[in-house]
């Protein structure tokens with residue numbers, strides 16, 4: 190059986206002396222591992238099409254354990270021009286590679302990854318906390334986790350301080366803190382809750398990025414969520 194799809198390369202490792210295993214996230218089939226035979230030789234026509242961060246149109250043949258490449262036509266190779274941008278792109282790809290189940294198919298996740306790689310490519314990025322936090326919050330939303338850190342369970346929007354419960358993915362105002370169970374909790378200001386909601390809804394406008402301490406506080410919440418629910422440690 191053949192599969193026609195678009196895929197973005199998110200990981201690769203050696204298979205044999207001349208071969209590699211390439212992992213792509215596709216528009217119609219989710220995360221796929223495929224065997225790229227002979228790709229490590231200079232005569233290979235597919236080398237650029239299966240480089241990390243390449244967006245490629247594939248025709249794949251289904252095998253017993255891995256797909257094989259019938260054709261690979263490069264559409265776009267996302268270039269990163271700084272260490273900060275490269276590190277950020279690797280984190281994005283690593284999140285999808287490690288945390289997305291093999292049978293999870295979501296065209297919106299494919300589009301989101303493409304949009305973020307495009308944003309990194311065309312903008313000079315030095316402050317990465319905001320961008321990374323936005324990617325993770327959007328990623329969690331697409332996977333159905335819906336971390337509710339913008340409004341208390343009682344809908345109180347006037348509290349000066351809140352308690353975030355990572356385990357429950359819920360926010361509690363000062364009046365409702367007594368109802369909160371223990372487990373991954375910490376206090377934040379109302380500004381932090383507003384910033385989390387803003388970061389989730391961010392529209393890729395570089396002029397709207399939050400910098401400094403405000404971005405760091407959002408990132409702290411994001412990292413705690415990843416560690417609690419996915420046992421994923423961000424370096």
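Residue numbers (my numbering): 190 to 424.
No residue lacks a Cβ here, since even glycine has one placed at the ideal position from N, Cα and C.
Can the beta-carbon of residue i be found less than 8 Å from the beta-carbon of residue j?
i, j, result
"residue 285", "residue 199", "yes"
"residue 201", "residue 209", "yes"
"residue 218", "residue 255", "no"
"residue 377", "residue 400", "no"
"residue 296", "residue 216", "yes"
"residue 257", "residue 249", "yes"
"residue 197", "residue 299", "yes"
Give the single residue among the options whose Cα lies nearest to the Cα of residue i.
i, options, result
"residue 314", "337, 269, 249 and 373", "269"
"residue 386", "327, 415 and 317", "327"
"residue 319", "249, 295, 239 and 388", "388"
"residue 204", "225, 311, 216 and 245", "225"
"residue 404", "303, 316, 258 and 267", "316"
"residue 390", "299, 249, 193 and 330", "330"
"residue 253", "190, 303, 259 and 276", "190"
"residue 414", "393, 357, 246 and 363", "357"
"residue 395", "307, 402, 335 and 360", "307"
Should residue i be labelled buried (16 or more other beta-carbon atoms within 10 Å of its own) or exposed?
i, result
"residue 354", "buried"
"residue 322", "buried"
"residue 397", "exposed"
"residue 239", "buried"
"residue 220", "buried"
Sort out for me which residues DSSP pairs residue i with in a bridge.
i, result
"residue 194", "247"
"residue 354", "359 and 374"
"residue 234", "Looking at the DSSP assignment, residue 234 forms no beta bridge with any residue, so it has no partner."
"residue 258", "249"
Open item on the list: Three or more C-beta pairs under 8 Å: does that hold for the segment 407-415 against the segment 368-386?
Closed with: Yes, they touch.
Open item on the list: With three or more C-beta pairs closer than 8 Å as the rule, is the segment 276-283 touching the segment 252-263?
Closed with: Verdict: no, contact absent.
- [ ] Say whether the segment 287-299 touches the segment 358-376, bearing in mind that this needs 3 or more beta-carbon pairs closer than 8 Å, one atom from each stretch.
- [x] Contact check between the segment 287-299 and the segment 358-376: fewer than three CB pairs, one atom from each, fall below 8 Å, which does not count as touching.
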